[in-house]
Amino acid sequence: MAQLCSIIQFVDAALACSFPFALSYGDPDQKWVIRRHLLSLFQDFPTLLPSADIFVHNDGATVYLLNAKGHLLVSKTTPPVPLTIWVHQNYPSAPPIVFLSPTSDNPVLGYHPFVDSSGFTTLPYLETWLYPRSNLSDLAHNLVLLFSHHHPFSFPSASAMRRFTNPCLASKEEAIDRLFGALHCDVVSKRAQLDEDIQGLLRLQDRLQDRAKITTTILEGAEHEKTSLERRLAEVTEEVDKLEDWLKVHGSNFDVSTEVDDDMGAFQATDLESASRLNFMVKDKAIEDVLYALDEALMEEVVSSEQYIRQVRSLAKNQFYYRNRLIKLTETKTS
Ligand SMILES: *[C@@H]1O[C@H](CO)[C@@H](O)[C@H](O)[C@H]1NC(C)=O
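Residue 6 is where the sequence shown starts when you use the numbering used here, and the numbers rise one by one after that.
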């Protein structure tokens, strides 16, 4: 009560122009409305106190205004909301101006539906402000209601959310406020989802960039190898050229000998015999190899012993034939 008395004294003194600056309210009737509304506000919200200060409008106009400064208690579970409610110089036809007091430790939550990061607050109640229907105390009640749905400094609790979506609506304004808040909730959750997606994509991008680096390294290695192979090819080509040059100079002897080969029948006959010998020897050795492979196959049980014996018998017969031919060739030659 003593506090209310001193509040009344302060407001009265301020409005009576006994301050260092004259307040920017000219009309006596206006002052009377301001006094009535402020006192009603302080009575309903003892956490607010009157003060007078310079206010600079966005257009640069400087005025000396009364305000209600302090905090609003929103709920038992959420922190109080520090704020200043300025009484506009054209009050009550102009709505009051509401500023929350965010600090770096206590910033306004991102994307708040009614409060920007500076603390400037716009809400449907102020946008539809109309005297005499609207007044300061009613505004403060509206603020408490809004902040209980949407606390500017802490995320809504589950119970607050339930109250928020309760269909038994008090008024059309409240319904609109709730709708606004609900939409805001959706935006915030979508935004969080989107942020998460973006983070995921960024991580993916990092991984792809890493892979690109590795690929580039491999490509550089291959490029390097290609260069050295090309150099080697050039060297080999040069050597081939040298060889060809050498052949041009020394190669005539070979040409002569080839001609002799073609012309002389005796050499041809010898060649035929050699070819036969070679043919028989190759077949002999080939059968030797097959027999060896068959041994292995039998050991590893790839062929049955029955198959093995059959094959060995037939191969041995062939081998004997070729060896015999070879011996006969040798005998005819020596005899
Ligand atoms: C403020 O407005 C509300 C709602 O219109 C009303 O109930 C209350 O009596 C008003 N208070 C003052 C001081 O005019």
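The beta carbon of each residue, even a glycine, is placed where N, CA and C say it ideally should be.
Bear in mind that the values here come from a model prediction, so they are computed numbers and not experimental data.
Simplified DSSP state of residue i, which is helix, strand or coil
i, result
"Pro107", "coil"
"Ala27", "coil"
"Val245", "helix"
"Phe50", "coil"
"Asn323", "helix"
"Tyr297", "helix"
"Thr133", "coil"
"Val68", "strand"
"His156", "coil"
"Ser98", "coil"
"Asn140", "coil"
"Glu240", "helix"
"Lys81", "coil"
"Ala21", "coil"
"Glu225", "helix"
"Glu305", "coil"
"His115", "Sequence inspection shows Gly at residue 115; the His mentioned does not correspond to that position. Three-state DSSP puts Gly115 in coil, outside helix and strand."
"Ala274", "Model confidence at Ala274 stands at a pLDDT of 44, short of 50, so the residue's coordinates are unreliable; what they give is reported in the following sentence. DSSP places Ala274 in helix when its eight states are reduced to three."
"Asp32", "coil"
Heavy atom of ligand 1 within 7 Å of residue i beta-carbon
i, result
"Asn147", "no"
"Asn72", "no"
"Arg138", "yes"
"His42", "yes"
"Asp143", "yes"
"Ser98", "no"
"Ser45", "yes"
Identified DSSP bridge partners for residue i
i, result
"Thr386", "Because the chain spans 6 through 340 in this model, residue 386 falls outside it and cannot be assessed."
"Lys74", "Leu54, Thr89"
"Val61", "Thr67"
Alpha-carbon to alpha-carbon, residue j and residue i
i, j, result
"His117", "Gln8", "34 Å"
"Trp37", "Pro97", "10 Å"
"Leu144", "Tyr130", "7 Å"
"Ile181", "Ser106", "26 Å"
"Leu224", "Arg236", "18 Å"
"Val265", "Tyr297", "Residue placement at Val265 is poorly supported in this model, since its pLDDT is 43, which falls under 50; the coordinates still yield a value, given next. Spanning the two alpha carbons is a distance of roughly 43 Å."
"Leu184", "Pro101", "24 Å"
"Ser341", "Gln214", "Look at the range of the chain in this structure, 6 to 340, and you will see that residue 341 is not part of it."
"Leu53", "Leu20", "18 Å"
"Val86", "Ser80", "10 Å"
"Val149", "Gly115", "19 Å"
"Glu293", "Thr337", "25 Å"
"Glu301", "Val287", "21 Å"
"Ala57", "Arg41", "17 Å"
"Asn284", "Leu303", "28 Å"
"Leu44", "His76", "16 Å"
"Tyr327", "Val295", "15 Å"
"Gln324", "His229", "54 Å"
"Leu331", "Arg318", "20 Å"
"Ala280", "Thr221", "57 Å"
"Ser123", "Arg196", "21 Å"
"Leu128", "Glu201", "30 Å"
"Arg208", "Gln198", "15 Å"
"Ala73", "Gln210", "52 Å"
"Thr83", "Asp49", "20 Å"
"Asn140", "Ile13", "18 Å"
"Asn147", "Gly186", "14 Å"
Residue i beta carbon near ligand 3 (any heavy atom closer than 7 Å)
i, result
"Val245", "Summarising the ligand content, the structure contains ligand 1 and does not contain ligand 3."
Short CB-CB distance (under 8 Å) between residue i and chain C
i, result
"Tyr327", "Although the question refers to chain C, the structure presented lacks it and comprises just one protein chain."
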